[in-house]
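Letter by letter, the sequence shown follows residues 1 to 443 in this note's numbering.
By construction, the Cβ of each residue, glycine as well, lies at the ideal position given by its N, Cα and C atoms.
Taking it in order: structure first as structure tokens, then the write-up.
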Amino acid sequence: MTGLLIQGASLFGGHSADIRVRDGVIAAVGSLSPELGERTIDAAGLVAVPGLVDLHTHLREPGGEASETVLTGTRAAAAGGFTAVHAMANTSPVADTAGVVEQVQRLGERHGYATVRPIGAVTVGLEGRQLAEIGAMAHSSAAVRVFSDDGFCVHDPLLMRRALEYVATFGGVIAQHAQEPRLTEGAQMNESALSGELGLTGWPAVAEEAIIARDVLLAQHVGARLHVCHLSTAGSVEVVRWAKARGIHVTAEVTPHHLLLTEELARGYDPRFKVNPPLRRDDDVHALRQALADGTIDIVATDHAPHPDEAKQCTWAEAANGMVGLESALSVVQLAMVETGLLDWAGVARVLSTTPAAIGKLAGYDAPLEVGSAAHVTLVEPEARRTWSTEHLHGRSVNTPYTGRELPGRVVHTVHGGIVTVHDGVLGEAESIAALAKEALRG
Ligand code: DOR
């Protein structure tokens, strides 16, 4: 691999420096002159953050290739500045065996756009009845560390207890989709005065908060690590704050859409805004932003949930839950958190890179942008403004909720392990990225 010199980037939005990359590693940082044969990237005016890491991505392969594949999803990831994604287990077949997680991992390695870390299911078939092959997945070549039935809640308290106990033996984590099933039967949107007005069955905040309260107590009881997926209510923030104050090992994520959008968008019955958990109210959005700023919520995770047109271009009641989010995540976080003064770029790096990597036990992100660390670098132009459209999407599905909105910031370059996956906003060709990835693996 030829060397790379990133020139004049503002590190974490602070002082400017050059970054030299050799053999997939950051070889030097400082004031550097180009060497013979070295490829250069002019990063003047760009902010450098470590490559983004998503803890919650639906790549849909195997089985859901009409919505997304590992290749198309990791292209979308690279376009959004991500260098690693954790692939959710609700595929078909479900990722509940060593065979499936190894297949997903291998596809990621072959394509090279981003590191793919498979998430294993907690229960067989996500059915909530019997624990999946957690140990076999953990000890497979995919070395799974995050387990989730996302899409469904592990609602049986005894199974949840056993799963927590099991993963604690090898430093794994259960990522819970906190949704009490009986309280949300047939739910279509947030339960509120508006759901009554619109005639849509409500999804009450207590259905999320009750499960989180139960699970932090279970995690404390067995001494395990719990992660809460897509936390969406002010009450959930209070429960997590209480648990952390008691020293319980709980981490929590919020999605970009829950940091920006509210239930008011359901008024038009446009299924692009239908998501699970549902969009909540202004006071929830406010509490989620404050909690992300003060560390009660640890990370932002996209919950990138691609769906084909037929699953979204239908009535609200029939439509699938979910929205794509990889390409827009950084812009939405800039809008909701940076431009409101709640986070600086070092904070963005924490919530979108180093902490999600730490939760997922993903190596290579603990000394970001430092000499000797893996060369995962995202270069952002914060001054850019884009009117969001499907042109900005690179996956197979177009169910974005941001069409027509002005979003700030633009990912200009993405470097994954020394491979430039996005240059000047343009994705590298699949064949050349795959060839470089092969060379790096041989390495
Ligand atoms: O909106 C959602 N979509 N929430 C989930 O929990 C699952 C996801 C999906 O798989 O489409």
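Residue interval of the beta strand (DSSP E) (run including residue i)
{"i": "Glu391", "result": "Per DSSP, Glu391 belongs to no beta strand (DSSP E) and is neither H nor E."}
{"i": "Ser16", "result": "Ser16 to Arg22"}
{"i": "Ala28", "result": "Val25 to Gly30"}
{"i": "Leu226", "result": "Leu226 to Val228"}
{"i": "Thr262", "result": "Unbroken run through Thr262: none, as it is neither H nor E."}
{"i": "Thr97", "result": "Where Thr97 is concerned, there is no enclosing beta strand (DSSP E), given that its DSSP letter is neither H nor E."}
{"i": "Ala84", "result": "Phe82 to Ala87"}
Limits of the alpha helix (DSSP H) - the one that residue i falls within
{"i": "His286", "result": "Asp282 to Asp294"}
{"i": "Thr57", "result": "Run containing Thr57: none in the alpha helix (DSSP H); it sits in the beta strand (DSSP E), Leu52 to Thr57."}
{"i": "Ser432", "result": "Ala430 to Arg442"}
{"i": "Ala76", "result": "Val70 to Ala79"}
{"i": "Ala357", "result": "Thr355 to Ile359"}
{"i": "Ser331", "result": "Ala329 to Val333"}
{"i": "Ser195", "result": "Ala193 to Leu198"}
{"i": "Gly125", "result": "Segment: none, Gly125 is in no alpha helix (DSSP H) and carries neither H nor E."}
{"i": "Gly268", "result": "No alpha helix (DSSP H) holds Gly268; DSSP gives it neither H nor E."}
{"i": "Ile134", "result": "Ile134 to Ala138"}
Alpha-carbon to alpha-carbon, residue j and residue i
{"i": "Ala362", "j": "Ser31", "result": "One detail in the question is off: residue 362 reads as Leu in this sequence, not Ala. C-alpha separation (whole angstroms): 30 Å."}
{"i": "Gln220", "j": "Val173", "result": "13 Å"}
{"i": "Arg162", "j": "Glu209", "result": "21 Å"}
{"i": "Ala84", "j": "Gln188", "result": "32 Å"}
{"i": "Ala243", "j": "Gln290", "result": "17 Å"}
{"i": "Leu52", "j": "Thr340", "result": "21 Å"}
{"i": "Ser10", "j": "Glu429", "result": "28 Å"}
{"i": "Ala98", "j": "Gly8", "result": "44 Å"}
{"i": "Trp316", "j": "Arg281", "result": "19 Å"}
{"i": "Glu383", "j": "Leu183", "result": "44 Å"}
{"i": "Leu36", "j": "His376", "result": "23 Å"}
{"i": "Leu259", "j": "Gly81", "result": "19 Å"}
{"i": "Gly13", "j": "Val348", "result": "10 Å"}
{"i": "Thr355", "j": "Gly409", "result": "22 Å"}
{"i": "Thr387", "j": "Leu343", "result": "23 Å"}
{"i": "Leu261", "j": "Leu194", "result": "15 Å"}
DSSP three-state assignment for residue i, whether helix, strand or coil
{"i": "Glu165", "result": "helix"}
{"i": "Asn253", "result": "According to the sequence provided, residue 253 is Glu. The question's Asn does not apply to it. Glu253 falls in the strand class under three-state DSSP."}
{"i": "Thr315", "result": "coil"}
{"i": "Ile119", "result": "coil"}
{"i": "Asp42", "result": "strand"}
{"i": "His416", "result": "strand"}
{"i": "Gln7", "result": "strand"}
{"i": "His221", "result": "helix"}
{"i": "Ile174", "result": "strand"}
{"i": "Ile248", "result": "coil"}
{"i": "Phe147", "result": "strand"}
{"i": "Gly322", "result": "coil"}
{"i": "Val348", "result": "helix"}
{"i": "Arg110", "result": "helix"}
{"i": "Thr184", "result": "helix"}
{"i": "Arg241", "result": "helix"}
{"i": "Val154", "result": "coil"}
{"i": "Ala207", "result": "helix"}
{"i": "Glu406", "result": "strand"}
Assumed close pair residue i, residue j - CB separation to whole angstroms, cut-off 8 Å
{"i": "Val228", "j": "Ala178", "result": "6 Å"}
{"i": "Val29", "j": "Ala17", "result": "5 Å"}
{"i": "Gly112", "j": "Val70", "result": "Contact doesn't hold; Cβ gap of about 11 Å is too wide."}
{"i": "Leu326", "j": "Thr57", "result": "7 Å"}
{"i": "Thr400", "j": "Leu393", "result": "6 Å"}
{"i": "Val487", "j": "Leu436", "result": "The chain is shown from 1 up to 443; residue 487 falls before or after that span and cannot be answered."}
Exercise for the section: Could you please go through the chain and list the residues whose beta-carbon is closer than 5 Å to any non-hydrogen atom of ligand 1? Expected result: His58, Gly151, Val275, Asn276, Ala305, Asn321 and Gly322
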